[in-house]
Amino acid sequence: MSHIIPQDRPTFRVAHWYRCQGLVGRENFLAFQKRFEEVVTTIANTKDEEKFWKFVRSLFDFDDYADCVPINAANLSILFDPVLRLMNALAFDWNRDISIQKRIQPFVRTIQVARELIAAQLNVEPELVAFQRNGSDPNAVINNGLTFNHGDQVVVWNENHPTQGEVAWRIRKDRFPNINIVVLDLQGEQDPVKIMKKFLDAVNGHTRLVAFSEVSHLSGTRLPAKALCSAIHQKNPRVHVHVDGAQSWGAFKHDLKDMGCDSYSGGSHKWFLGPKETGILYMRKECIPNFAPKDIGYNGEMQPPPTLPDDPLPWDASRFEMVGQRNDTNLIGLLYTADLMGLIGYDKIGTRMKKLTDHLRGNLERLRRELKRQHGEEIFEIETPKADDLHHAILVIKFKDQAQPGSRQQKKRRKTKKSEAASATPLSEQVYNLLYENHKIGVSTKKGNRMRFSPHIYNTFEHMDRVTAAMLVEINNILDS
Ligand SMILES: Cc1ncc(COP(=O)(O)O)c(C=O)c1O
């Protein structure tokens, strides 16, 4: 038996305190307690791997054959059912009394406890973590906060999300016309040494900031974040290295001190499985004074903004935290999720996801060969690098542009109006829509005739089989239409 005691967990302590303060009704608290004890003890004591994952899966309340099967964590994930139930119960309880007395204390306490837990999971000090609204919000802190000198250089990867990529920085350039923006294109490079070299070649004595996604939302490429941080700092110690973790926070174990980044960010509704409208920004203490806050608002202590100059801006990450009015239940939802994720274990989560992704890759490879055999030409290719350390749980395929409806018979018969209209829609979008309409499977499309798959721990190996079986049917139907 494990020594993990549910009543000692941070979520229980906060919920129990709510109960003692009359912030949660008796029935709601007892329902939470019963489920929480069962969940914690089962996670802690289930050693058999398949039983373990079956139980974890049962924590997500969706019906495999009636509800949509999500293979789309890179966009949005499902919440743990017990977390959502507690949040909903509290929403009712807290709506009955909106007095300030009832709001500030639970708010501040929950933020503190959640911050401590999440910071410990990332191996950083709690005061260096600011809660944010999503993954875009902290990116805006980074690209709004610096003041530049003439000739300063910013390096961004061309696979960064628009909120930290070329778009965001071109907008900044309107305010700082004398900065140089270098948009780095790795041109499909899959050798980690050459990837490092391309980044280092872009860094020089004028570089102030390098920002890259740890895992690309576009190709699924995982960059060697630790090696990059260290090499960039070695070349120019003045460079602030920002790692966008929107596609990695929660997906595997992180030790940000070990990674050596200057800042790291992420929204919790993707791989962390947390509630919408929550996210984080971590920043190294020495770097904080370099960034002006982008928002002026009440912080996580529910304190008003400081009045300069007597009352200076905080030295810690609370400088970037703008709490204001928000959906209060999200915060206990964030804490509860962090507690469950920590109990399941980030190493285990990372390994499980990787297994699901590799299984899916095998299926996609077989599907690619089968389609080629049937149609006599390549229909798609897998773009995400295969090397173990260059991908995690995102897989992207790109359809060949010549593969279109009727390609098998188009020489033999005239196209109908319908197939002409269909052929104007990229194959990626057609397949994506048919997977949803006919098979209740949710994936996503990307520009350039691409489809993206991103499985999470709520998925099963059977889902990975189901999606490729469905693709075979739908792609053949489209190509034969
Ligand atoms: C790498 C990356 N950064 C930032 C974001 C923005 O995150 P959010 O949607 O949470 O604002 C995304 C969203 O897809 C992303 O993929």
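Note that our numbering gives residue 233 to position 231 of the sequence shown, counting from 1, and the numbers run on in steps of one. Virtual Cβ for every residue (Gly too), placed ideally from N, Cα, C.
Where the alpha helix (DSSP H) containing residue i begins and where it ends
| i | result |
| --- | --- |
| residue 229 | 227-237 |
| residue 115 | 102-123 |
| residue 85 | 83-97 |
| residue 52 | 51-60 |
| residue 481 | 463-482 |
| residue 35 | 28-47 |
| residue 177 | 168-177 |
| residue 344 | 331-346 |
| residue 286 | Segment: none, residue 286 is in no alpha helix (DSSP H) and carries neither H nor E. |
| residue 258 | 258-261 |
Nearest-angstrom beta carbon gap, residue j and residue i [assumed within contact, 8 Å]
| i | j | result |
| --- | --- | --- |
| residue 268 | residue 247 | 4 Å |
| residue 147 | residue 294 | 5 Å |
| residue 6 | residue 42 | 6 Å |
| residue 76 | residue 396 | 5 Å |
| residue 261 | residue 289 | Actually they do not touch by this definition, with Cβ atoms about 14 Å apart. |
| residue 45 | residue 340 | 14 Å between Cβ atoms; not a contact. |
| residue 253 | residue 394 | 6 Å |
| residue 447 | residue 460 | That pair is no contact at about 21 Å. |
| residue 175 | residue 205 | 19 Å between Cβ atoms; not a contact. |
| residue 207 | residue 182 | 12 Å between Cβ atoms; not a contact. |
Whole-angstrom distance between residue j and residue i, CA atom to CA atom
| i | j | result |
| --- | --- | --- |
| residue 273 | residue 227 | 18 Å |
| residue 56 | residue 353 | 15 Å |
| residue 10 | residue 443 | 39 Å |
| residue 473 | residue 16 | 46 Å |
| residue 403 | residue 451 | 7 Å |
| residue 366 | residue 470 | 6 Å |
| residue 200 | residue 406 | 36 Å |
| residue 141 | residue 163 | 9 Å |
| residue 132 | residue 117 | 8 Å |
| residue 478 | residue 370 | 12 Å |
| residue 373 | residue 362 | 16 Å |
| residue 258 | residue 348 | 14 Å |
| residue 107 | residue 115 | 12 Å |
| residue 305 | residue 468 | 51 Å |
| residue 125 | residue 426 | 50 Å |
| residue 128 | residue 113 | 11 Å |
| residue 286 | residue 336 | 22 Å |
| residue 196 | residue 188 | 9 Å |
| residue 416 | residue 483 | Reliability fails at residue 416, whose pLDDT of 44 lies under 50, so the model's placement of it is uncertain and no value is given. |
| residue 30 | residue 88 | 8 Å |
Cβ-heavy atom distance, residue i to ligand 1, below 6 Å
| i | result |
| --- | --- |
| residue 246 | yes |
| residue 165 | yes |
| residue 219 | yes |
| residue 134 | no |
| residue 269 | yes |
| residue 138 | yes |
| residue 249 | yes |
| residue 446 | no |
| residue 456 | no |
| residue 101 | no |
First and last residue of the uninterrupted beta strand (DSSP E) at residue i
| i | result |
| --- | --- |
| residue 242 | 242-246 |
| residue 189 | Looking at the DSSP string, residue 189 is not in any beta strand (DSSP E), and its letter there is neither H nor E. |
| residue 155 | 155-159 |
| residue 198 | Per DSSP, residue 198 belongs to no beta strand (DSSP E); it is in the alpha helix (DSSP H), 194-204. |
| residue 275 | From DSSP, residue 275 is part of no beta strand (DSSP E); its letter is neither H nor E. |
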